[in-house]
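Novice: Just so we're aligned, residue 115 is where the sequence shown starts under this note's numbering, counting upward by one.
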Amino acid sequence: MGPQTAFAADEIDFNRDIRPILSAKCFQCHGPDARSREADLRLDTREGLLGADGNAGVVTPHKLDQSELFRRLTSTEDYERMPPVDSDLELTESEIANLKTWIENGAHWAGHWAYIPPAMPEIPEVESEDTSLADIDRFVVRTLAENELELSPEADPITLARRLSFDLTGLPPREDMVAPFLANPSADEYEKLVDRLMASPHFGERLAMYWLDLVRYGDTIGYHSDNAQHISPYRDYVIDAFNDNKPFDEFTREQLAGDLLESPTTEQIVATGYNRLNKKTEEGGAQPEEYLVKHAADRVRTTAGAWLGITMGCAECHDHKYDPFTTRDFYSMAAFFADIQEVGHYRAQNHPPYIELGIDEELVKEKLRLEDELSALKNPDSSDKSLSDEERAGQVKEVESRLAEVTGELEKQSQNSRKSMITVSVPPREVRVLPRGNWLDKTGEVVQPALPESLVETQPAEERLNRLDLANWLVSEENPLTARVFMNRMWKLFYGHGLSRRLDDVGSQGEWPTHPELLDYLALDFQNHGWDVKRAIRNLVLTRTYRQTSFASPELLKRDPENKLLARQSRWRLDAEIIRDNALATSGLLVETIGGESVKPYQPAGYWQHLNFPTRSWEHDKNENQYRRGLYVFWQRTFLHPSLLAFDAPSREECTAERPISNTPKAALTLLNDPSYVEAARYFAVRSLQDETSLSAAERIEQLWTDALTRSPSSTEREVLLELQKSQHDYYQQHPDEAAELLTVGMKPVSEELDPVAVASWTAVTRAIMNLHEFITRN
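What follows is the structure, given as C-alpha cells:
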C-alpha cells in the first residue's frame, strides 16, 4: 500500500499516504533546504502546511475551497499549476484523491514516523486456531486478516533446515546438525536446531558479512593506488562480537570510542579500527587538508547510515532537501571525529597508528626501559661519580646483551604478528561549516561536536562532547532510530525485505513500514532486553511467519506480488560469499578456520593490470587458504574479486545497507568456469568415486544430488543427469586430452588410480548440479 492507492476517509494516514507525495513532488522547492526554497514556503512542517494556529496555512482543514495547496495542484492554468508543468512531477489521480480526502477529513498532521520515539503497542488479539503463533506472528496475522488473507502452510522440514542453515551460518546444512530435526520435525526439535546453529562459530561469520557491508570494510585504501592496509583483526573482532553475543550497545561504543573507555582492552582498541575504514590516499600530489575533509565526511555518512539509517551525506553542501538535517548538523557530527590521529596523505602502505597483535607487551616495555638505561649509562651526567669507568663499561655490556636478547625475541614475535589500524585520540582539529562543501572556503562558522538538532530536545552537556557521547546517544532511549533501523535490517536478513523497504533511508524518501506497530515492538523489545542480538534473531526465526512456504499461488501473487503483507516466505539468490561457501562446503573442500588474514583465491590473469603505484599481480594462495570462506577473500575496493562482483558484492567504498540482486549470464558463466567452482565440482565428483566405488550411475546421481540439495532427485531430474553423464563419458573417451586438462584445474591433485574419463564425465554432472537455480537459492 502507498500513495498510489486511493483510500477512504477513515483510512488516510498522513505519514503513509500524504507525506510521501509531498516529499517526492514538493520538498525539492518547499522543503528543509532554505537555499533552494521557493516563495519562502515550507511543506515539510506543520506550520508551513497549516499555519501557526493550524488553520491559516496553504491547507485549511475540512475546507477544500480555501486550501491554496489543493487549488494549485489541480489548477488548469499552466502558470500557476504546481508542481510546475515542466518539472515532470505531475501528481497522479490517486495522489490528488488522497490529498482531497485528507483535507476534507481534517488534514491531520504528524511528525515523520521514524523520528517519533517508538511506543510499545499492545499485542493484537487474533482469531486463529494455530497455537504456535508468537507475539510477532499476531501483528502479521492481524494485517493478513484485514486483507482477507492468511499465513501460508509451513515449509517442509528439508526446506526449513536449509533455510535456517543458510540464514544463520551462511553454509549448507551439515548432516549431524540437521539430522535430529529431519528425523523428528517437531516444534521442540526445530527450536533445538535453531539453538545449535546459533551456537556455531559460523553464526558470527554470517552476521559479520552484513555488518562489514555497512561499515564499508575493505583490505585496501580505496583511492588512487588502492594499496593494501592492515585491518583484518577488526573483521575478526566483528565475528567474535556476534558469536559472543556482545550487546549491541557495547558493540557500538567499542567501535566508535573503544579508546575512550576506562582502561580499554586490546579487543576494544582493535574495535576502533571502525574509525579508520575510510578511504585514504597515497597520491603524491594530494592536498592533505582536502583529504582530511573527505575522511570526516566519509565517517559522517557511514555512521549516520550504519546506525541511524539516514542520508546525512545529503547535508554536506547544503541543508538536506527532504529531511530536517542542516549543513551545521553535518559538520557538527564531523566534529566528533576531529580528535582522531590521522593525516590527509599517507606514505605508501603505511597508515599508522597501529596495534601489533601477538607481541608481548611486557617485552616491549622492557625494551624501552633497557634503551633508556643504556642511554643513561653511555651519556652520564658529568657530576655522576657513582660508577667507575670499568664498572660502567661492564654494566653497558650487560644491558646491551639483554637488549639484544629482548630485541631478537620481539623480532621473532613480529614475524608472526598482525597489525591493525586503530584510533588514537589527540587534541581535536578545528571544524568549520564548509560553504557548498568547499574545503578551501574558511568563512563558515566554527562548530563543536553536537547531535542532530531535529533528533534531540537539548544537547546533552555544556562541555565539549566526544565520540563516546555520540556512541552513548546512538544507543540511548532518546534516539528513536538505531533500534528501529537495526531490527528492520534484521527482518530483511530473515524475510527478504525490511518492514520499511528502504534499508538505507528511513527518512522522507524512504518507505512507510508495512507493519509499523510490529517494527516498534521489535525495536523496543530489542532495547528492553539489553540489546541482545541473538535473542532478537532467535525470536525472528521461531515465528510461524518465518516457517511459511515461499510458494506463491497465482491468486496470492496477484493480491500481493511484492509480499508486503507477509502471507508467504520470500526466496532469493544467495549472497556472493555464500555461493562460494556453498560450493566449497558441498564439495568437501571448505576449510572452516575462523578469522585470520585475508585470502587470495584463483583470479583471472591480468585482472589487476590497471592497478598502479606500484604495478602488481595477484598471487593466489597455494595452501589451505585457497579454500577459506568468501568472507575472508581479499577485498580490493577498486578491483573487487570478479567472482564476488558477478554476484553483486559491493566494493565497500560506501556504506551499503542492501545489495542489488542481478540476473545476468556472467553469473552462470562464473559458476560454470571459474577455477574455484570447477575445482569444487571435480573434487565433489572425485570424493564420490573414491568413497563409494560400487554405486551404479543412478545411485551416484542420487547421492550427489542429495548431498548438494538435501533432497532426492525426481525421476525426470535423474534421467537428465544420467543422459548427461553418458554423453560426456562418450565425449571424453574420444577426447582424452580434454579430460586430462580438466583434471589440472586447481591445486587439488586427482589420484592416478581414478580413470580420467570417469572423473571428467562425473565432473560434468556435478557442475550441472552446482549450476542449478536451486543450488544458489534460499527458499
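Where is the CB? At the ideal position from N, CA and C, for every residue including glycine.
Taking 8 Å as the cut-off, decide whether the C-beta atoms of residue 287 and residue 276 are in contact.
Specialist: Residue 287 sits at position 173 when you count from the first residue of the sequence shown. Residue 276 sits at position 162 when you count from the first residue of the sequence shown. Yes, Cβ-Cβ distance for residue 287 and residue 276 is below 8 Å.
Novice: Are three or more beta carbon pairs between the segment 549-565 and the segment 457-471 nearer than 8 Å?
Specialist: no
Novice: How many angstroms separate the CA atom of residue 185 from the CA atom of residue 179?
Specialist: Working through the sequence shown from its first residue, we reach residue 185 at position 71. Working through the sequence shown from its first residue, we reach residue 179 at position 65. Looking at the two C-alpha atoms, the distance is approximately 7 Å.
Novice: Taking residue 387 as the reference, which of 373, 400, 820 has the closest Cα?
Specialist: For this step, residue 387 is matched to residue 273 along the sequence shown. For the set 373, 400, 820, the Cα lying nearest the Cα of residue 387 is the one of 373.
Novice: Between the C-alpha atoms of residue 194 and residue 138, what's the straight-line distance to the nearest angstrom?
Specialist: What you label residue 194 is simply residue 80 of the sequence shown in a count that begins at 1. What you label residue 138 is simply residue 24 of the sequence shown in a count that begins at 1. Rounded to whole angstroms, residue 194 to residue 138 spans 19 Å at the Cα level.
Novice: Counting pairs of Cβ atoms below 8 Å between the segment 189-207 and the segment 228-241, do you hit three or more?
Specialist: Short answer: they don't touch.
Novice: Name the DSSP beta bridge partners of residue 560, please?
Specialist: As a position in the sequence shown, residue 560 is number 446, starting the count at 1. DSSP output for residue 560 lists 546 as bridge partner(s).
Novice: Roughly how many angstroms separate the alpha carbons of residue 123 and residue 140, rounded to a whole number?
Specialist: Numbered from its first residue, the sequence shown carries residue 123 at position 9. Numbered from its first residue, the sequence shown carries residue 140 at position 26. The predicted position of residue 123 is uncertain, since its pLDDT is 49 and thus under 50; no value can be drawn from it.
Novice: Quick check on residue 641: does DSSP put it in helix, strand or coil?
Specialist: Counted from its first residue, the sequence shown places residue 641 at position 527. Helix at residue 641.
Novice: Are the CB atoms of residue 762 and residue 751 within a distance shorter than 8 Å?
Specialist: For the purposes of this step, residue 751 is identified with residue 637 of the sequence shown, where counting begins at 1. For the purposes of this step, residue 762 is identified with residue 648 of the sequence shown, where counting begins at 1. Going by C-beta atoms, residue 751 is not nearer than 8 Å to residue 762.
Novice: Assuming residue 513 and residue 484 make a contact with CB atoms under 8 Å, what is their CB distance in whole Å?
Specialist: Taking the first residue of the sequence shown as position 1, residue 513 is located at position 399. Taking the first residue of the sequence shown as position 1, residue 484 is located at position 370. With 8 Å as the limit, residue 513 and residue 484 qualify as a contact, their Cβ atoms being about 6 Å apart.
Novice: Smallest Cα separation from residue 541: which of 442, 456, 583?
Specialist: Sequence index remark: in the sequence shown, residue 541 carries index 427 (1-based). If we check each option's Cα against that of residue 541, 456 comes out closest.
Novice: Which of the three DSSP states is assigned to residue 520 in this structure?
Specialist: In the sequence shown, counting from the first residue as 1, residue 520 sits at position 406. Helix.
Novice: Assuming residue 129 and residue 222 make a contact with CB atoms under 8 Å, what is their CB distance in whole Å?
Specialist: Residue numbering aside, residue 129 sits at position 15 when the sequence shown is read from its first letter. Residue numbering aside, residue 222 sits at position 108 when the sequence shown is read from its first letter. About 10 Å; that fails the 8 Å criterion.
Novice: Quick one, are the C-beta atoms of residue 691 and residue 743 less than 8 Å apart?
Specialist: Here residue 691 refers to the residue found at position 577 of the sequence shown. Here residue 743 refers to the residue found at position 629 of the sequence shown. Yes, Cβ-Cβ distance for residue 691 and residue 743 is below 8 Å.
Novice: I'd like the ranges of any alpha helix (DSSP H) spanning at least 4 consecutive residues and lying wholly in the segment 241-314.
Specialist: 249-260, 271-283, 289-297, 301-313
Novice: Whether or not the segment 534-548 and the segment 335-348 are in contact is what I'm after, with contact meaning three or more pairs of Cβ atoms, one per stretch, closer than 8 Å; do they touch?
Specialist: Verdict: yes, contact present.
Novice: What did DSSP end up calling residue 662 once you bin it into helix, strand or coil?
Specialist: Taking the sequence shown and counting its residues from 1, the one referred to as residue 662 is at position 548. The answer is strand: DSSP assigns residue 662 an E or B state.
Novice: Contact defined as beta carbons within less than 8 Å: I believe residue 582 pairs with residue 367. What is the distance between those atoms, to the nearest angstrom?
Specialist: In the sequence shown, residue 582 corresponds to position 468, counting from 1. In the sequence shown, residue 367 corresponds to position 253, counting from 1. So it is a contact: roughly 7 Å between Cβ atoms.
Novice: Leaving out the 5 sequence neighbours to the left and right, which residues in its chain are closer than 8 Å to residue 864 when beta-carbon positions are compared?
Specialist: Position 750 of the sequence shown holds residue 864. Around residue 864: 796, 800, 857, 870, 873.
Novice: Is the segment 625-636 touching the segment 605-616 in the sense that three or more CB pairs, one from each, lie closer than 8 Å?
Specialist: yes
Novice: What's the C-alpha gap between residue 118 and residue 382?
Specialist: The residue you call residue 118 lines up with position 4 of the sequence shown. The residue you call residue 382 lines up with position 268 of the sequence shown. Here residue 118 scores only 45 on pLDDT, less than 50, and its place in the model should not be relied on; the value that follows carries that caveat. Taking the straight line joining both Cα atoms gives about 49 Å.
Novice: Looking only at C-alpha atoms, which of 353, 175, 170, 301 sits nearest to residue 322?
Specialist: Position 208 of the sequence shown, counted from the first residue, corresponds to residue 322. With distances taken between Cα atoms, residue 322 lies closest to 353.
Novice: In whole angstroms, give me the CA-to-CA distance for residue 812 and residue 836.
Specialist: Position 698 of the sequence shown, counting from 1, holds the residue named residue 812. Position 722 of the sequence shown, counting from 1, holds the residue named residue 836. When rounded, the distance between both Cα atoms is 7 Å.
Novice: Would you check if the distance between the CB atom of residue 599 and the CB atom of residue 422 is smaller than 8 Å?
Specialist: Here residue 599 refers to the residue found at position 485 when the sequence shown is read from its first residue. Here residue 422 refers to the residue found at position 308 when the sequence shown is read from its first residue. Their beta carbons are under 8 Å apart, which means residue 599 touches residue 422 by this criterion.
Novice: Leaving out five residues on either side along the sequence, give the residues of the same chain with a beta carbon under 8 Å from the beta carbon of residue 418.
Specialist: On the sequence shown, position 304 is the one that residue 418 refers to. 424, 425, 426, 427, 447.
Novice: On the criterion of 16 or more Cβ atoms from any shown chain inside 10 Å, does residue 680 qualify as buried, or is it exposed?
Specialist: Here the question's residue 680 lines up with position 566 in the sequence shown. It counts as buried.
Novice: Does the count of Cβ pairs from the segment 876-890 and the segment 681-701 closer than 8 Å reach three?
Specialist: yes
Novice: On the DSSP bridge list, what partners appear for residue 757?
Specialist: Here residue 757 refers to the residue found at position 643 of the sequence shown. DSSP lists no partner for residue 757.
Novice: Helix, strand or coil: how does DSSP classify residue 336 here?
Specialist: One-based indexing of the sequence shown puts residue 336 at position 222. Strand at residue 336.
Novice: Quick check: the Cα distance between residue 279 and residue 251, rounded to an integer number of angstroms?
Specialist: Taking the first residue of the sequence shown as position 1, residue 279 is located at position 165. Taking the first residue of the sequence shown as position 1, residue 251 is located at position 137. Cα to Cα, residue 279 sits roughly 22 Å from residue 251.
Novice: Tell me whether the beta-carbon of residue 318 lies closer than 8 Å to the beta-carbon of residue 393.
Specialist: Sequence index remark: in the sequence shown, residue 318 carries index 204 (1-based). Sequence index remark: in the sequence shown, residue 393 carries index 279 (1-based). The Cβ atoms of residue 318 and residue 393 lie no closer than 8 Å to each other.
Novice: For residue 832, I'd like the list of residues in its chain whose CB is within less than 6 Å of its CB, leaving aside the five on either flank, ordered along the chain.
Specialist: The count along the sequence shown starts at 1 and reaches residue 832 at position 718. Result list for residue 832: 815, in chain order.
Novice: Should residue 621 go down as buried or exposed, given a rule of 16 or more other Cβ atoms within 10 Å for buried?
Specialist: As a working mapping, residue 621 is identified with position 507 in the sequence shown. Answer is buried; the Cβ neighbour count reaches 16.
Novice: By Cβ distance below 8 Å, which residues in the same chain neighbour residue 296 in space, the five residues on each side in sequence not counted?
Specialist: The sequence position of residue 296 within the sequence shown is 182, counting from 1. Closer than 8 Å at Cβ, skipping near neighbours: 271, 272, 275.
Novice: Evaluate the contact criterion for the segment 578-596 versus the segment 648-658: three or more CB pairs, one atom per stretch, below 8 Å.
Specialist: no
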